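J.: The listed protein sequences derive, respectively, from chains A and B. Per our numbering, residue 352 is the first one in the first sequence, and the count goes up by one each step. Per our numbering, residue 352 is the first one in the second sequence, and the count goes up by one each step. Below is the structure I would like to discuss, written out as structure tokens.
Number of protein chains: 2
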Amino acid sequence: MFELNQLEQLLAIANAGTLSKAAEQLHLSQPALSRSMQRLEEELQVTLFERQKNKITFNANGDLALEHAKTIINNAETMISALQAFERSQHTFSIGSCAPAPLWRITPVISRQYTDMTIQSDIKSQDALISGLYNDIYQVIITTHPLNDPDVCSYKYLEEHLYVALPPAHPLSTRKKLSLADINGQTMLLLSRIGFWYDICKEKMPDSYFIVQDEVEALNELRKSSALPTFATNLTAQGRTADANRILIPLTDSEVNVTFFCCIKKSNNHRLSKFIASIQ
Amino acid sequence: MFELNQLEQLLAIANAGTLSKAAEQLHLSQPALSRSMQRLEEELQVTLFERQKNKITFNANGDLALEHAKTIINNAETMISALQAFERSQHTFSIGSCAPAPLWRITPVISRQYTDMTIQSDIKSQDALISGLYNDIYQVIITTHPLNDPDVCSYKYLEEHLYVALPPAHPLSTRKKLSLADINGQTMLLLSRIGFWYDICKEKMPDSYFIVQDEVEALNELRKSSALPTFATNLTAQGRTADANRILIPLTDSEVNVTFFCCIKKSNNHRLSKFIASIQ
DNA sequence: GTAAGTTACGAGCGACGTAAAAATG
DNA sequence: CATTTTTACGTCGCTCGTAACTTAC
Chain A
352 MFELNQLEQL
362 LAIANAGTLS
372 KAAEQLHLSQ
382 PALSRSMQRL
392 EEELQVTLFE
402 RQKNKITFNA
412 NGDLALEHAK
422 TIINNAETMI
432 SALQAFERSQ
442 HTFSIGSCAP
452 APLWRITPVI
462 SRQYTDMTIQ
472 SDIKSQDALI
482 SGLYNDIYQV
492 IITTHPLNDP
502 DVCSYKYLEE
512 HLYVALPPAH
522 PLSTRKKLSL
532 ADINGQTMLL
542 LSRIGFWYDI
552 CKEKMPDSYF
562 IVQDEVEALN
572 ELRKSSALPT
582 FATNLTAQGR
592 TADANRILIP
602 LTDSEVNVTF
612 FCCIKKSNNH
622 RLSKFIASIQ
Chain B
352 MFELNQLEQL
362 LAIANAGTLS
372 KAAEQLHLSQ
382 PALSRSMQRL
392 EEELQVTLFE
402 RQKNKITFNA
412 NGDLALEHAK
422 TIINNAETMI
432 SALQAFERSQ
442 HTFSIGSCAP
452 APLWRITPVI
462 SRQYTDMTIQ
472 SDIKSQDALI
482 SGLYNDIYQV
492 IITTHPLNDP
502 DVCSYKYLEE
512 HLYVALPPAH
522 PLSTRKKLSL
532 ADINGQTMLL
542 LSRIGFWYDI
552 CKEKMPDSYF
562 IVQDEVEALN
572 ELRKSSALPT
582 FATNLTAQGR
592 TADANRILIP
602 LTDSEVNVTF
612 FCCIKKSNNH
622 RLSKFIASIQ
């Protein structure tokens, strides 16, 4: 049987146009390449080139061989990346979530349970999460609704309730509850990468301007040094313990009082049994 | 990049079950195979086997690699056979015909014109001929009707008229013309491999029994030594020159007075221009 | 003359086989 | 003890690079 490196050489010759240039690209001497192609022809029992004294061109066989070579090399490269991706996936616990808060809780749990695994988490749209679960990009996804699929188990995991954190001097700070509509128009501090929350803010508070911060620390600094309202959640210590400078007022909209579900392919149930037990 | 022979070895191991047996099948020492697989794993940067002290089994990566390896090896083998088939086709002039007579004429013409080519001819049903022309199994096919396809040129080539050759003593031998229905029921001598003629005989002379001979010589011997009627055609010298023992009577059915057409893919027009000129 | 290709020849490295060791049933 | 696998080591062969030659523009 011929060898893959000979097919690579064939492609290189097609790309470079001449043996010499191809040899250079392949870090090979030109005579070595010449002989390698002679061996390939011998192996295939077919001439691939039209040889003139100082010129070599593909003949019809060569053109055909080139097409086959391309697919074979392509398959070989696919094999390598598929294997390496599979290997990585074996040692990586990938979680996708539609919001950041569940990850704050779940990541430490997993890293304690699966000590030899890398944990990788994404915040994505629900659609992206679901297709990621089907394609085994995620072992676990966290959504706001259980998945309606017999091959997937959805476990109720957490409830999240949002508050608005107002400075005491704020005109609305005496209210017992508020809706997003009530605070629409306010300029607010907001974290980035908050998944579906951002879409809700944009939709329900179209007149507000959001000062977006990437880092929690940066946001906290701004919170201290400004009178801007922010959001808070029941899922962080920082959100719950009333801040000296802020009064937390519950938000009433159903969209900001959600239940999160952990969704796992049934085929992964066994592998993740320890994890499943821990979230129930 | 890894090499194809390593993939072949991988398959051999999967088939044989143990390194030792696989090595034997591969005509390789067992340690050599062991190291070759170690190199493959190194190359892929992925372990493929679960190694115990004196036992080696595929792991999940290995199973996946095996699937990829199968398709790659398969592609490689396909490449070899496709190239060799293509090479052969380049040096072979393949003609398919629905009847033998046109081949008697056309074959010598082609062999004179294309001296470096092998001529290969088949007698097949019209359907098989047409699909063979499309798949480049035939460069030329001979049919009884022109093809209705803009990519194919159909050239009128020959007319063939059948006669029935009766012994002078035969009751019908004084007729000026006959139809197949008139001689239905007669036991007749017939050549084999006569293409669509055979179907016509069977259809139009359902009550006849046909003594079929593979060889022309054998048929001629029987013709001399028996009084059995046979068919004759305008396309052979032997058919035309009246035989002392036979009287040739024209058959009137339209089915046995046919025009043959040479059909050639337009894409082959250039390559076959010499041939096309010679048949017009 | 430069740039392309093939052939000739010597050298080095890489894959092979043999031998040895270790483990299992 | 037979079977299976890995490691160690020396050898052989294959492929490489250099050099020389030929041809074309």
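No residue lacks a Cβ here, since even glycine has one placed at the ideal position from N, Cα and C. This one's a predicted model, so the numbers in the text were calculated from it and none came from an experiment.
Which residues, in chain order, does the stretch 430 to 451 of chain B contribute to contact with chain A at a C-beta distance below 8 Å?
T.: Listed in sequence order: 430, 431, 433, 434, 435, 437, 438, 441.
J.: Under 8 Å, Cβ to Cβ, is there at least one residue of chain B near residue 365 of chain A?
T.: So, not an interface residue.
J.: Among B/618, B/376, B/402, which residue has its Cα nearest to the Cα of residue 502 of chain B?
T.: Answer by Cα proximity: B/618.
J.: Where do the N-terminal and C-terminal ends of the beta strand (DSSP E) with residue 403 of chain B fall, by residue?
T.: Start and end: 400 to 403.
J.: Quick check on DSSP: helix, strand or coil for residue 707 of chain B?
T.: Residue 707 of chain B lies beyond the range of chain B shown here (352 to 631); nothing can be said about it.
J.: Residue range of the beta strand (DSSP E) that residue 505 of chain A falls in?
T.: 503 to 517 is the span of the beta strand (DSSP E), which, as asked, contains residue 505 of chain A.
J.: Report the rounded CA-to-CA distance for residue 537 of chain A versus residue 578 of chain A, giving the unit in angstroms.
T.: Roughly 11 Å between the two C-alpha positions.
J.: Here's a check: name, in chain order, each residue in its chain whose Cβ is nearer than 7 Å to the Cβ of residue 359 of chain A, leaving out the five neighbours to either side.
T.: Around residue 359 of chain A: 424.
J.: Note down the Cα distance separating residue 483 of chain B from residue 484 of chain A, rounded to an integer number of angstroms.
T.: Distance between the alpha carbons of residue 483 of chain B and residue 484 of chain A: 48 Å.
J.: If you follow the beta strand (DSSP E) that residue 615 of chain B is in, where does it begin and where does it stop?
T.: Taken as a continuous stretch (DSSP letters only), the beta strand (DSSP E) holding residue 615 of chain B covers 608 to 616.
J.: Look at the Cβ atom of residue 649 of chain A, then the Cβ atom of residue 409 of chain A, and state whether they are nearer than 8 Å.
T.: Because chain A in this structure spans residues 352 to 631, residue 649 of chain A falls outside the shown range and cannot be described.
J.: Would you kindly work out how many angstroms separate the C-alpha atoms of residue 444 of chain A and residue 439 of chain B, rounded to a whole number?
T.: Each residue's alpha carbon lies about 54 Å from the other.
J.: Hey, could you find the ends of the beta strand (DSSP E) residue 465 of chain B is sitting in?
T.: Here residue 465 of chain B belongs to no beta strand (DSSP E), and DSSP marks it neither H nor E.
J.: Pick helix, strand or coil for residue 708 of chain A, following the three-state DSSP scheme.
T.: Examination of residue 708 of chain A is not possible in this model, given that chain A is present from 352 through 631 alone.
J.: Does the distance from the CB of residue 455 of chain B to the CB of residue 570 of chain B come in under 8 Å?
T.: No, Cβ-Cβ distance for residue 455 of chain B and residue 570 of chain B is not below 8 Å.
J.: Using a Cβ-Cβ cut-off of less than 8 Å, list which residues of the stretch 407 to 426 of chain A approach chain B; keep chain order.
T.: If the cut-off is 8 Å between Cβ atoms, the stretch 407 to 426 of chain A has 411, 412, 415, 416, 419, 420, 422, 423, 426 near chain B.
J.: List the residues that DSSP assigns as beta-bridge partners of residue 472 of chain B.
T.: DSSP output for residue 472 of chain B lists B/446 as bridge partner(s).
J.: How is the beta strand (DSSP E) around residue 583 of chain B delimited, first residue to last?
T.: It spans 581 to 584 - the beta strand (DSSP E) in which residue 583 of chain B sits, taken as one unbroken run.
J.: Which residues share a DSSP beta bridge with residue 355 of chain B?
T.: Looking at the DSSP assignment, residue 355 of chain B forms no beta bridge with any residue, so it has no partner.
J.: Since residue 396 of chain B meets chain A, which of its residues come closer than 9 Å, beta carbon to beta carbon?
T.: In chain order: 431, 434, 435, 438.
J.: Given a threshold of 16 other Cβ atoms within 10 Å of its Cβ, counted over all protein chains shown, does residue 525 of chain A qualify as buried or as exposed?
T.: Its Cβ having fewer than 16 others within 10 Å, residue 525 of chain A is exposed.
J.: Closer than 9 Å between beta carbons: that is the criterion. Which residues of the stretch 374 to 399 of chain B meet it against chain A?
T.: Residues 394, 395, 396, 397, 398, 399.
J.: Grab the span of the alpha helix (DSSP H) containing residue 556 of chain A for me, first residue to last.
T.: Run containing residue 556 of chain A: none; DSSP gives neither H nor E here.
J.: Would you kindly work out how many angstroms separate the C-alpha atoms of residue 547 of chain B and residue 480 of chain B, rounded to a whole number?
T.: Roughly 12 Å separates the two Cα atoms.
J.: What is the rounded straight-line gap between the Cα of residue 475 of chain A and the Cα of residue 490 of chain A?
T.: Approximately 14 Å between the Cα atoms of the pair.
J.: If I measure Cβ to Cβ from residue 515 of chain B and keep anything under 7 Å in the same chain, skipping five residues before and after, which residues do I get?
T.: Only 529, 534, 580, 582, 600, 602 meet the Cβ criterion.
J.: Helix, strand or coil: how does DSSP classify residue 458 of chain B here?
T.: The answer is helix: DSSP assigns residue 458 of chain B an H, G or I state.
J.: Is residue 376 of chain A near residue 383 of chain A, with beta carbons less than 8 Å apart?
T.: In this structure, residue 383 of chain A does not lie closer than 8 Å to residue 376 of chain A by Cβ.
J.: Residue 532 of chain B: which of B/523, B/518, B/555 sits nearest, CA to CA?
T.: Nearest C-alpha to residue 532 of chain B: B/555.
J.: By DSSP, does residue 429 of chain B sit in helix, in strand, or in coil?
T.: Here residue 429 of chain B sits in helix by DSSP.
J.: Once the 5 residues before and after residue 362 of chain B are set aside, which same chain residues still bring their CB inside 8 Å of it?
T.: These residues qualify, in order along the chain: 417, 420, 421, 424.
J.: Where does residue 590 of chain B fall in DSSP's three states?
T.: Only weak support is given to the placement of residue 590 of chain B: the predicted model assigns it a pLDDT of 46, under 50, and the question is left unresolved by the model.
J.: Can you list the residues of chain A that residue 359 of chain B reaches, using a CB-CB cut of under 7 Å?
T.: Within 7 Å Cβ-Cβ: 352.
J.: If contacts are defined as beta-carbon pairs under 8 Å, then residue 380 of chain A and residue 357 of chain A qualify, I think. What distance do you get, rounded to the angstrom?
T.: Actually they are not in contact, since the Cβ atoms of residue 380 of chain A and residue 357 of chain A sit about 16 Å apart, beyond 8 Å.
J.: Compute the Euclidean distance between the alpha carbons of residue 575 of chain B and residue 562 of chain B, then round it to the nearest angstrom.
T.: Going by the C-alpha atoms only, they are around 15 Å apart.
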